[in-house]
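Trainee: Mind having a look at this structure? Questions to follow.
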């Protein structure tokens, strides 16, 4: 069957067709649609075999739950955006030590150019760091095909595998042919039955066990490299120009081919699976090259590594040497420039066009929250507002210009605490409900334990808004969570962020600023986008 | 056959429904397609665009090279000009004439029109008014725009119409009819303008 699918959807469908029993994820652009697609398929077909697909509280809980499912012999997928890998890292890196039982595939969606992220980190480093096999498909079809191969390889080698994609692949649609059996019917694998690991000791990472396992993992890593050389998605093709070869990683391959519709005139090493296959690099060197250009999304990961793998008489160029831009995603044009091909003729840029930055929606509760906070904050000489990751990060832009920091999930509360420890007053934190449950609760406990003088605003819109309105883990229980952590219930204040309540909201914030201790203010009103969606659904019923 | 298209607009205007219809039309007619879209932060009332490529040959890049875009279809006139560097020398701009003003420094409307008219091939139309005239709601304005771009696309009106019917079928016959009426209104406008 031929379908038009986003890269994310191709991965999701392949996971279903590979017989997964669970997908574990926290929403994050550009990875969100993988889990959503599986949720929608499950909803649309109640007769299909059940797949666990509820959202998790954060990427670490997701990774660990998936590892638990793998322990039981069933297949699981974990999905996250690149910075989610930092949150999951403890579980992820140690999952290489336990190994997998049921197939375990981790998908990390990187965001070069930072369309919707705070950095450009490259998840391939995590693959190398954990010493596991990692995949980087070049197109949607390859992504679909590689997911099953990745599950097979994971089960064969008893190891979790990583699939790294980037925004352009995740959020681009292309036609994908699904697997069919000889009789033409769809090839969908049944889920695994429960079976415990046959190496139970390996799952108890006591130092004595880990030392043994570490030796084995290092041996296995060699095999991973040998196997990636045999993967048909990796190849070296010599060209007419024997002096030059291009290493094209993941979707960079497409930009290369776009510029040479009639075939590439030099050698091409297509790289979509790692560890870097030494055998293919050897073939490239043996073909007589004296210059190698590495094209890759993200950081100069392969460029750096390959320089050490081949003789110094061969010149290696790429993002590190400045032949390609050091930052941002690649494009057919940046690749074209690196190849010294003539640029296409273009119209000049039109200077009448002005930027149109994103903004908080009209009618959004965060707007009313910032309007009140700004007024109260201005009453003090040196207010500081430590904010977090979510729609309300847009409070940094005009007209609000309300916040001073945004770093990582949950950092608002802990940074406000550190600032208060240093003598800041008033010290505000602004965090959303979903970000609070993701990584804010432990920071709140720190605040309580040291009686930090902070005002924490949990701007509760009852959803995970920025990624499109997914379920939020603490909905209906935010006050209970705060009280449970130890915040004095008298200083957990709920308000409704509407213009008509402005005086009340300001007074509540003022009172809590003057209280010497941990205060939590919860402005609560449903996200305007999910509100509209729910109203529409009601009307249709 | 090969058409490289940029769909442009402001977050929430409905450029992705145009992409869905064209994707359906391409797939039904055995053509290859790639369509890169924007999600997440950039959707919140900011500028949005989608690169859409349709071809009888396999397509490599998800992004269209600069200077190679055949058609810029825009639901907002200034947004059409944002991508003019990407337009090919003989490319077309098909755009709504109605400004979407959600920024304080939005340029003078007449000046934007003048810049658009200076380009070799521009079709400008009030998609919302045309939708209303055709008896369709304002949400169907995107189908008016799509209709107006059909003559530049190497796809037949019927192929696109059938795709509209299929894409909206889930929402009932009334919605299908109104979207087709909007599509036809745009198509007629464009055919008459090019005469």
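Residue numbers (the working numbering), protein chains in the order written: chain A, 1 to 541; chain B, 542 to 736.
Virtual Cβ for every residue (Gly too), placed ideally from N, Cα, C.
All of these numbers come straight from a predicted model, not from anything done at the bench.
With DSSP as the reference, label residue 382/A as helix, strand or coil.
Mentor: Three-state DSSP puts residue 382/A in coil, outside helix and strand.
Trainee: What are the residues in the segment 327-351 of chain A lying within 8 Å of chain B by C-beta distance?
Mentor: Those residues of the segment 327-351 of chain A that come within reach of chain B (Cβ to Cβ, closer than 8 Å) are 331, 332, 333, 336, 343, 344, 345, 346, 347, 348, 349, 350.
Trainee: Let me know the secondary structure DSSP gives residue 146/A once reduced to three states.
Mentor: DSSP places residue 146/A in helix when its eight states are reduced to three.
Trainee: What's the gap between the Cα of residue 343/A and the Cα of residue 349/A?
Mentor: Going from the Cα of residue 343/A to the Cα of residue 349/A covers about 15 Å.
Trainee: Within the same chain, show all residues whose beta-carbon is closer than 8 Å to that of residue 554/A, passing over the 5 residues directly before and after it, in chain order.
Mentor: Only positions 1 to 541 of chain A appear in this structure, which leaves residue 554/A out of reach.
Trainee: Taking only beta carbons into account, state which residues of the segment 401-423 of chain A come closer than 7 Å to chain B, listed in chain order.
Mentor: Those residues of the segment 401-423 of chain A that come within reach of chain B (Cβ to Cβ, closer than 7 Å) do not exist; the list is empty.
Trainee: Would residue 131/A and residue 95/A qualify as a contact pair, given that the criterion is a beta-carbon distance under 8 Å?
Mentor: Not in contact: residue 131/A and residue 95/A (Cβ atoms no closer than 8 Å).
Trainee: Return the residues of the segment 642-669 of chain B that lie within a Cβ-Cβ distance of less than 8 Å from chain A, sorted by chain order.
Mentor: Against chain A - using a Cβ distance shorter than 8 Å - the residues of the segment 642-669 of chain B are 643, 644, 646, 647, 648, 652, 653, 656, 660.
Trainee: Report the neighbours of residue 354/A on chain B: residues whose CB is nearer than 8 Å to its CB, in chain order.
Mentor: Within 8 Å Cβ-Cβ: 619, 644, 646, 647, 648.
Trainee: Suppose contacts are defined by Cβ-Cβ distances below 8 Å. Is residue 330/A in contact with residue 255/A by that definition?
Mentor: For residue 330/A and residue 255/A, yes; Cβs fall inside 8 Å.
Trainee: For the 8 Å Cβ check, are there 3 or more pairs between the segment 508-521 of chain A and the segment 441-461 of chain A?
Mentor: At 8 Å Cβ cutoff, the stretches touch.
Trainee: Taking 8 Å as the cut-off, does the segment 495-512 of chain A touch the segment 331-339 of chain A (at least 3 CB pairs, one atom from each stretch)?
Mentor: With a cut-off of 8 Å, the segment 495-512 of chain A and the segment 331-339 of chain A do not count as touching, because too few Cβ pairs lie within range.
Trainee: Within the segment 291-336 of chain A, note down every full beta strand (DSSP E) run reaching 3 residues or more, in order along the chain.
Mentor: For the segment 291-336 of chain A, whole beta strand (DSSP E) runs of length 3 or above, ordered along the chain, are 291-295, 315-317.
Trainee: Note down the Cα distance separating residue 167/A from residue 429/A, rounded to an integer number of angstroms.
Mentor: Their Cα atoms are separated by approximately 30 Å.
Trainee: Is the segment 713-733 of chain B touching the segment 669-683 of chain B in the sense that three or more CB pairs, one from each, lie closer than 8 Å?
Mentor: The segment 669-683 of chain B, when compared against the segment 713-733 of chain B, does touch it at the 8 Å Cβ threshold.
Trainee: Measuring only between beta-carbons, confirm whether residue 172/A sits less than 8 Å from chain B.
Mentor: For residue 172/A, the answer is yes, since a Cβ of chain B falls inside 8 Å of its Cβ.
Trainee: Determine, using beta carbons only, whether residue 529/A and residue 465/A come nearer to each other than 8 Å.
Mentor: Their beta carbons are under 8 Å apart, which means residue 529/A touches residue 465/A by this criterion.
Trainee: Rounded to whole angstroms, what is the Cα-Cα separation between residue 46/A and residue 293/A?
Mentor: If I take the Cα positions, the gap works out to 50 Å.
Trainee: Since residue 162/A and residue 134/A are thought to touch, with beta carbons under 8 Å apart, how far apart are those beta carbons, to the nearest angstrom?
Mentor: Rounded, the Cβ-Cβ distance is 4 Å, consistent with contact.
Trainee: Using a Cβ-Cβ cutoff of 7 Å, what residues of the segment 143-175 of chain A are near chain B? List them in chain order.
Mentor: Those residues of the segment 143-175 of chain A that come within reach of chain B (Cβ to Cβ, closer than 7 Å) are 168, 171, 172, 173, 174, 175.
Trainee: For residue 263/A, tell me which candidate among 57/A, 216/A, 436/A, 240/A has the shortest Cα-Cα distance.
Mentor: Nearest of 57/A, 216/A, 436/A, 240/A to residue 263/A, Cα basis: 240/A.
Trainee: Under the three-state reduction of DSSP, which class applies to residue 46/A: helix, strand or coil?
Mentor: Note: residue 46/A maps to coil in three-state DSSP.
Trainee: Going along the chain, which residues of the segment 597-615 of chain B sit with their C-beta nearer than 7 Å to a C-beta in chain A?
Mentor: Those residues of the segment 597-615 of chain B that come within reach of chain A (Cβ to Cβ, closer than 7 Å) are 601, 602, 603, 604, 606, 607, 608, 609.
Trainee: Does the beta-carbon of residue 542/A have 16 or more other beta-carbons within 10 angstroms, so that it is buried, or is it exposed?
Mentor: Residue numbering for chain A in the displayed model covers 1 to 541; residue 542/A lies beyond these limits and cannot be assessed.
Trainee: My output table needs one value for residue 359/A: the three-state DSSP class, helix, strand or coil.
Mentor: Residue state, collapsed to three classes: coil.
Trainee: Around the C-beta of residue 401/A, are 16 or more other C-beta atoms found within 10 angstroms, so that it is buried, or is it exposed?
Mentor: So residue 401/A ends up on the exposed side.
Trainee: Using a C-beta to C-beta distance shorter than 7 Å, which residues of chain B count as neighbours of residue 257/A?
Mentor: Within 7 Å Cβ-Cβ: 601.
Trainee: Please list, in chain order, all residues of the same chain as residue 119/A whose beta carbon is under 7 Å from its beta carbon, the five residues on each side excluded.
Mentor: Closer than 7 Å at Cβ, skipping near neighbours: 83.
Trainee: What does the alpha-carbon distance come out to for the pair residue 189/A and residue 322/A?
Mentor: So the two alpha carbons sit approximately 46 Å from each other.
Trainee: Strictly below 7 Å CB to CB, what residues from chain A border residue 576/B?
Mentor: Near residue 576/B (Cβ distances below 7 Å), the residues of chain A are 172, 173.
Trainee: State yes or no: is the C-beta of residue 251/A within less than 8 Å of the C-beta of residue 143/A?
Mentor: Cβ distance not < 8 Å, so residue 251/A and residue 143/A don't count as in contact.
Trainee: Cα-Cα, which of 353/A, 510/A, 513/A is closest to residue 626/B?
Mentor: Checked all of 353/A, 510/A, 513/A; the closest Cα to residue 626/B is 353/A.
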